[in-house]
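Number of protein chains: 2
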Amino acid sequence: MELTLAGAAERLNAADRILILSHHFPDGDTLGSASALCRALRKLGKTVSFRCSDTIPGKFTFLFDGLEDVFYPLPEGFTPDLIVSVDVADVELLGALREEYEGKVDLSIDHHGSHRAFAKWTCVDAHAAACVEILFRLIPLLGVAFDRKMAACIYTGITTDTGCFRYRNTTADSLRIAAEMMEYGIDAAEINFRMFETKTRARLEMERLVLDSAEFFCGGKAVMMAVTQEMIAKTGAKDEDLDGISAIPRRVEGVLAGITMREKEDGNFKVSVRSNPPVSACEICAVLGGGGHPGAAGCTVEGPFASACRTVRKVVEQYMEKLSCSTAAH
Amino acid sequence: MELTLAGAAERLNAADRILILSHHFPDGDTLGSASALCRALRKLGKTVSFRCSDTIPGKFTFLFDGLEDVFYPLPEGFTPDLIVSVDVADVELLGALREEYEGKVDLSIDHHGSHRAFAKWTCVDAHAAACVEILFRLIPLLGVAFDRKMAACIYTGITTDTGCFRYRNTTADSLRIAAEMMEYGIDAAEINFRMFETKTRARLEMERLVLDSAEFFCGGKAVMMAVTQEMIAKTGAKDEDLDGISAIPRRVEGVLAGITMREKEDGNFKVSVRSNPPVSACEICAVLGGGGHPGAAGCTVEGPFASACRTVRKVVEQYMEKLSCSTAAH
Chain U
1 MELTLAGAAE RLNAADRILI LSHHFPDGDT LGSASALCRA LRKLGKTVSF RCSDTIPGKF
61 TFLFDGLEDV FYPLPEGFTP DLIVSVDVAD VELLGALREE YEGKVDLSID HHGSHRAFAK
121 WTCVDAHAAA CVEILFRLIP LLGVAFDRKM AACIYTGITT DTGCFRYRNT TADSLRIAAE
181 MMEYGIDAAE INFRMFETKT RARLEMERLV LDSAEFFCGG KAVMMAVTQE MIAKTGAKDE
241 DLDGISAIPR RVEGVLAGIT MREKEDGNFK VSVRSNPPVS ACEICAVLGG GGHPGAAGCT
301 VEGPFASACR TVRKVVEQYM EKLSCSTAAH
Chain E
1 MELTLAGAAE RLNAADRILI LSHHFPDGDT LGSASALCRA LRKLGKTVSF RCSDTIPGKF
61 TFLFDGLEDV FYPLPEGFTP DLIVSVDVAD VELLGALREE YEGKVDLSID HHGSHRAFAK
121 WTCVDAHAAA CVEILFRLIP LLGVAFDRKM AACIYTGITT DTGCFRYRNT TADSLRIAAE
181 MMEYGIDAAE INFRMFETKT RARLEMERLV LDSAEFFCGG KAVMMAVTQE MIAKTGAKDE
241 DLDGISAIPR RVEGVLAGIT MREKEDGNFK VSVRSNPPVS ACEICAVLGG GGHPGAAGCT
301 VEGPFASACR TVRKVVEQYM EKLSCSTAAH
C-alpha cells in the first residue's frame with residue numbers, strides 16, 4: 001500500500017522499537033538516510049537499531065558518529081515493532097539480509113523510479129535525486145528539528161547520489177536542500193573531499209595502467225582501454241577501486257566512443273561503451289549482442305584479449321564509417 | 001569610491017554605450033559575468049561591447065551564443081560612456097589591455113577579498129563565491145528579468161569558481177542561486193560535463209606520465225610526482241593542460257604530503273606541496289625558502305632533477321620524522 005509522507009510519519013510515530021535496513025554494498029545515500037532517520041527517531045525517545053548486510057566503507061563511518069550503539073546485534077529484548085528500509089529499490093538489494101527480512105519489511109522509503117514494492121507500506125518519490133531528500137521532508141513531519149549531524153547525513157546522501165551536483169538527476173530542489181543543510185554548520189568541503197577527491201593507491205595504480213593501455217583509433221574519435229585480471233592482481237584493486245573506471249575513456253576531448261575492455265575471471269571480456277552524440281553506445285553494443293542506453297551500453301565478448309579487442313574495434317570502425325557516410329549525406 | 005548594488009545599477013542605467021572588460025586568461029566566472037551583463041544591458045537597448053586580452057577558450061564560447069557581434073573591434077562610432085570590469089581583482093589582471101585602460105575604468109564589479117581598487121567606482125562583495133553572484137543581484141536592479149542564456153552564464157560562473165560546489169568558498173547562497181538558474185531550463189549536467197569531465201588528449205597523456213613518475217616514501221604518507229620539460233614536449237601539453245595537476249598527489253588515500261616537481265624552462269624546479277592535516281605544506285616549503293598556506297604551498301629548488309628530488313625528499317622526511325615524534329609525545 002502506498003503511503004503519503006504524512007502516512008509514513010504516522011506509522012513511524014506510532015512505533016516504539018524500530019529496525020532500519022539499508023541496501024547491500026552501501027553508499028552515501030542509503031547510509032545517510034539510515035543515519036538521519038535513526039537520529040530523528042532517537043530524538044523522539046524511540047529504541048532504534050540498524051542493519052546492513054555489508055561492512056560500512058571507511059569513508060562513510062563519520063555518518064554514524066555518536067551512533068555507534070545503533071548497530072546490530074540488536075539490544076537485548078529488542079523486538080522491532082516496525083521494520084523500515086531506506087533506499088532499497090528491490091528486496092534483492094537487502095543482500096544477505098534478504099532471507100531474514102523478506103516479507104517482514106513494514107515500511108519502504110525509496111526514490112527509485114524502478115522501485116519494486118516489497119513492503120507492507122511503500123513511500124516512494126521518484127522525483128527525488130536521493131532518498132535523503134525524502135527524509136528531509138519526512139523528518140519535520142515527525143516533529144523533529146534538524147541538527148548538524150543530521151544535516152551532514154542529508155548533505156552526504158545528495159552529494160553522493162548526484163555526483164556532487166553534476167549528474168542529470170540533480171534538481172533545483174537538490175541544490176536548495178543542500179543549501180539549507182549547509183546552514184547547520186556542516187563542513188561540506190570536507191565531505192566532498194572525502195567522497196570525491198580521495199583515491200586508494202590501488203585505484204591510482206589502476207588508472208595509471210588503464211591510461212597506459214589506451215589505444216586511439218578512428219582518427220582519435222574512439223579510444224579503447226583495458227582492465228585485465230593481470231592488472232587487478234598487480235595493483236590489488238578491489239571491486240570498489242574499479243568503480244566508474246569505464247567513464248575514463250569518454251572524458252578525452254574529441255572522443256565520441258570510449259571503450260573499456262574488462263577481463264572477467266573466465267577470460268572473457270565485459271565491454272563498456274560510453275559515447276557522446278551522435279555516436280550511440282547502444283547501437284554499437286547491439287551488434288555484439290548487448291544493449292543499454294544511447295550514452296552508456298555494454299556487451300560481452302570472448303577472449304583472449306587480442307582477439308576480443310580486434311572484434312570490438314572492427315565493429316566500432318564499421319559503425320563510425322557508416323555514421324560519417326550518413327552524416328555527410330545530410 | 002565604493003558603490004552599493006543600487007549605486008552600480010544607477011551608473012549602468014545612466015549609460016548608453018558600455019564597454020565590458022574581463023580579466024586575462026579568462027575563466028568561467030569572468031566570462032559568465034561579462035556575458036550576463038552584456039545580455040542584460042542589450043535588453044535595455046544599450047550598445048554594448050566586450051574585450052578580453054586573450055582568446056576565449058573553446059569550452060567557454062557557448063556563453064556567447066547569439067552575442068557574437070559583441071566582440072572587439074568596437075562598432076564604428078562607438079565611444080563608450082562607461083567602462084566596466086568584471087571579476088578583475090587588480091588592474092594588472094587586464095593583461096595586455098592594461099596599458100590601454102589603466103585609469104579609464106569607471107566601474108569595477110568584483111568578488112575578490114584581495115581586490116585592489118583601480119576604478120572610479122568599485123562594487124565589491126567578498127562574500128560572493130563568484131562574481132556572477134553579484135550580477136545575479138545586480139541585474140534585477142537594472143529592471144531586467146533573467147532568461148535561459150543569462151541563467152547559463154550565471155550557473156557557469158558559480159560552478160567553475162566553486163569547483164562544482166566542492167571548494168570551501170561555496171556558500172548556501174551559491175547553491176540557492178544555482179538552483180534558481182536551473183529553473184530557467186539550462187542544461188546544468190551538460191555544462192558541468194564540459195567544464196569538469198573533458199580532458200584534452202595532451203592532458204590525459206600528461207596525467208599518465210605524472211602517475212608513472214610517482215614515488216612513495218615515508219611509508220606511503222608522502223608521494224612525489226614530476227612534470228618535466230621532456231614530458232611537456234612529448235605530450236604537447238599547454239599551460240592550460242597543466243592546470244590543477246599539482247592536486248593529483250594529495251588525492252591518494254593516506255597521503256599527507258603530495259609533492260609535484262615541475263621543471264621550469266631554466267632547468268630549476270617549481271615545487272608544489274599539497275598537504276592534509278597534521279602536515280603543513282607551508283612549514284615544509286619554508287625550510288626551502290618558499291611559503292604559502294597550511295594546505296598548499298610552494299618553493300623553487302635548483303635542478304638537475306635527481307638532486308632537486310633528493311633535496312625536497314630529505315626535507316619532507318625530516319619534517320615527517322619530527323612530526324611523528326611530536327605527535328607521539330602528546
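Protein sequences appear in the order of chains U and E. Residue 1 is where the first sequence starts when you use UniProt numbering, and the numbers rise one by one after that. Residue 1 is where the second sequence starts when you use UniProt numbering, and the numbers rise one by one after that. Backbone N, C-alpha and C fix where the C-beta goes; we use that ideal spot for every residue, glycine too. Just so we're clear, the structure is a prediction, and the values are computed from it rather than from any experiment.
#1: V252 of chain U versus chain E: which residues are under 9 Å apart at the beta carbon?
#2: Using a beta-carbon distance below 8 Å, is F62 of chain E in contact with chain U?
#3: Suppose the cutoff is 8 Å on Cβ atoms and the five residues either side in sequence are ignored; what does the same chain contact list for W121 of chain E look like?
#4: State the Cα-Cα distance for the pair G290 of chain E and C153 of chain U, rounded to the nearest angstrom.
#5: Can you tell me where the beta strand (DSSP E) with I109 of chain E in it begins and where it stops?
#6: Within a Cβ cutoff of 7 Å, which residues of the same chain sit near A188 of chain U, ignoring the five residues on either side of it in sequence?
#7: Based on Cα-Cα distance, which residue from U:F305, U:E302 and U:R274 lies nearest to N294 of chain U?
#8: Mind reading off the beta-carbon distance from F269 of chain E to V301 of chain E? Whole number of angstroms is fine, and I expect it under 8 Å.
#9: Starting from the beta carbon of M224 of chain U, find every residue of chain E whose beta carbon is closer than 9 Å, and list them in chain order.
#10: Count the other C-beta atoms from every protein chain shown that fall within 10 angstroms of the C-beta of D110 of chain E, then say buried if there are 16 or more, exposed otherwise.
#11: Determine which residues share a DSSP beta bridge with S35 of chain U and list them.
#12: For H330 of chain U, which residues of its own chain have a beta-carbon under 8 Å away from its beta-carbon, when the five flanking residues on both sides are left out?
#13: With DSSP as the reference, please indicate the residues paired to G298 of chain U in a beta bridge.
#14: Just grab the DSSP bridge partners of M224 of chain U for me.
#15: Exposed or buried, E50 of chain E, counting other C-beta atoms within 10 Å across all chains shown (16 or more means buried)?
#16: Could you tell me which uninterrupted alpha helix (DSSP H) segments, each at least 4 residues in length, are contained entirely in the UniProt domain "DDH" (17–158) of chain E, listed from first to last along the chain?
#17: Residues of chain U with CB closer than 7 Å to the CB of F165 of chain E, please, in chain order.
#18: Looking at L97 of chain U: is its Cβ nearer than 8 Å to the Cβ of L21 of chain U?
#19: Can you look up V252 of chain U in the DSSP assignment and give me helix, strand or coil?
#20: Examine the Cβ distances between the stretch 164–178 of chain U and the stretch 30–49 of chain U and report whether three or more of them are shorter than 8 Å.
#21: What are the residues of the stretch 205–218 of chain U that lie near chain E, defined by any Cβ-Cβ distance shorter than 7 Å?
#22: Counting contacts by CB-CB distance shorter than 8 Å, is residue 338 of chain E in contact with chain U?
#23: Determine the DSSP secondary structure at T170 of chain U, reduced to helix, strand or coil.
#24: Residues of chain U with CB closer than 8 Å to the CB of R176 of chain E, please, in chain order.
#25: List the residues of chain E that T260 of chain U touches, going by C-beta distances under 8 Å, in chain order.
#26: In this structure, does DSSP put A329 of chain E in helix, strand or coil?
#27: Report buried or exposed for Y72 of chain U, applying the criterion of at least 16 other Cβ atoms within 10 angstroms of its Cβ.
#28: Please report the residue range of the alpha helix (DSSP H) in which I191 of chain U lies.
#29: Are the C-beta atoms of R168 of chain U and some chain E residue less than 8 Å apart?
#30: At the level of alpha carbons, what is the spacing between Y101 of chain U and C123 of chain U?
#31: Kindly indicate which residue of E:D54, E:E76, E:L31 and E:T30 has the alpha-carbon position closest to the one of R17 of chain E.
#32: Express the C-alpha separation of G66 of chain E and L256 of chain E in angstroms, rounding to a whole number.
#33: Does E240 of chain U come out as helix, strand or coil in the three-state DSSP assignment?
#34: Would you verify that the beta carbon of A40 of chain U is, or is not, closer than 8 Å to some beta carbon of chain E?
Result, derived from the coordinates:
#1: Here the question's residue 252 of chain U lines up with position 252 in the first sequence. Those within 9 Å of V252 of chain U in chain E are T198, K199, T200, R201, R203 and L204.
#2: As a working note, residue 62 of chain E is residue 62 in the second sequence. No, because no Cβ of chain U sits closer than 8 Å to the Cβ of F62 of chain E.
#3: Translated into the one-based positions of the second sequence, residue 121 of chain E becomes position 121. Here the set comprises M1, E2, L3, G7, A8, R11, D106, L107 and S108.
#4: The count along the second sequence starts at 1 and reaches residue 290 of chain E at position 290. The count along the first sequence starts at 1 and reaches residue 153 of chain U at position 153. Within the model, the alpha-carbon separation for G290 of chain E versus C153 of chain U is close to 40 Å.
#5: Your numbering for residue 109 of chain E matches position 109 in the second sequence. For I109 of chain E, the uninterrupted beta strand (DSSP E) segment begins and ends at L107 to D110.
#6: For the purposes of this step, residue 188 of chain U is taken as the residue at position 188 of the first sequence. So the qualifying residues of the chain are Y155 and M182.
#7: Residue 294 of chain U sits at position 294 when you count from the first residue of the first sequence. Per the sequence shown, the amino acid found at residue 294 of chain U is Pro instead of Asn. Comparing Cα-Cα distances from P294 of chain U to each of U:F305, U:E302 and U:R274, the minimum goes to U:R274.
#8: In the second sequence, counting from the first residue as 1, residue 269 of chain E sits at position 269. In the second sequence, counting from the first residue as 1, residue 301 of chain E sits at position 301. About 5 Å separates the two Cβ atoms, so the contact holds.
#9: Taking the first sequence and counting its residues from 1, one reaches residue 224 of chain U at position 224. Correct list: empty, because the minimum Cβ distance to chain E is about 14 Å.
#10: The residue labelled residue 110 of chain E in the question sits at position 110 within the second sequence. Counting Cβ neighbours within 10 Å, D110 of chain E comes out buried, since at least 16 surround it.
#11: Position 35 of the first sequence, counting from 1, holds the residue named residue 35 of chain U. Its beta-bridge partners do not exist; DSSP assigns none.
#12: Taking the first sequence and counting its residues from 1, the one referred to as residue 330 of chain U is at position 330. Because H330 of chain U sits at a pLDDT of 47, beneath the cut-off of 50, its placement in the model cannot be relied upon, and the point is left open.
#13: For the purposes of this step, residue 298 of chain U is identified with residue 298 of the first sequence, where counting begins at 1. Per DSSP, U:S272 and U:G291.
#14: The residue you call residue 224 of chain U lines up with position 224 of the first sequence. Bridge partners of M224 of chain U: U:E215 and U:I259.
#15: Working through the second sequence from its first residue, we reach residue 50 of chain E at position 50. The question names Glu, but residue 50 of chain E in the sequence shown is Phe. Buried, since its Cβ has 16 or more Cβ neighbours within 10 Å.
#16: You should have 28–43, 98–101 and 131–141.
#17: For the purposes of this step, residue 165 of chain E is taken as residue 165 along the second sequence, with counting starting at 1. Think of a sphere of 7 Å around the beta carbon of F165 of chain E: the chain U residues whose beta carbon falls inside it are C164 and F165, in chain order.
#18: Counted from its first residue, the first sequence places residue 97 of chain U at position 97. Counted from its first residue, the first sequence places residue 21 of chain U at position 21. For L97 of chain U and L21 of chain U, yes; Cβs fall inside 8 Å.
#19: Stepping through the first sequence from its first residue, residue 252 of chain U is reached at position 252. Assigned with DSSP and collapsed to three states, V252 of chain U falls in strand.
#20: The stretch 164–178 of chain U, when compared against the stretch 30–49 of chain U, does not touch it at the 8 Å Cβ threshold.
#21: Within the stretch 205–218 of chain U, the residues whose Cβ lies closer than 7 Å to some Cβ of chain E are E207, R208, L211 and D212, listed in chain order.
#22: Residue 338 of chain E lies beyond the stretch modelled for chain E, which goes from 1 to 330, so this question has no answer here.
#23: One-based indexing of the first sequence puts residue 170 of chain U at position 170. It is coil, neither helix nor strand.
#24: Numbered from its first residue, the second sequence carries residue 176 of chain E at position 176. What R176 of chain E touches in chain U: L175, R176 and A179.
#25: In the first sequence, counting from the first residue as 1, residue 260 of chain U sits at position 260. Simply none; closest approach about 14 Å.
#26: The residue you call residue 329 of chain E lines up with position 329 of the second sequence. In this predicted model, A329 of chain E has a pLDDT of only 49, less than 50, meaning its place in the structure is not dependable; the value taken from the coordinates is given anyway. Residue state, collapsed to three classes: helix.
#27: Counting from 1 along the first sequence, the entry for residue 72 of chain U is found at position 72. Its Cβ having fewer than 16 others within 10 Å, Y72 of chain U is exposed.
#28: Within the first sequence, residue 191 of chain U is the residue found at index 191, counting from 1. Where I191 of chain U is concerned, the enclosing alpha helix (DSSP H) stretches over A188 to N192.
#29: Within the first sequence, the letter at position 168 stands for residue 168 of chain U. Flagged as an interface residue toward chain E: R168 of chain U, by a C-beta distance shorter than 8 Å.
#30: Here the question's residue 101 of chain U lines up with position 101 in the first sequence. Here the question's residue 123 of chain U lines up with position 123 in the first sequence. Their Cα atoms are separated by approximately 18 Å.
#31: Numbered from its first residue, the second sequence carries residue 17 of chain E at position 17. Ranking E:D54, E:E76, E:L31 and E:T30 by CA distance to the CA of R17 of chain E puts E:E76 first.
#32: Here the question's residue 256 of chain E lines up with position 256 in the second sequence. Here the question's residue 66 of chain E lines up with position 66 in the second sequence. Straight-line Cα distance between these residues: approximately 48 Å.
#33: Within the first sequence, the letter at position 240 stands for residue 240 of chain U. DSSP places E240 of chain U in helix when its eight states are reduced to three.
#34: In the first sequence, counting from the first residue as 1, residue 40 of chain U sits at position 40. Closer than 8 Å: no.
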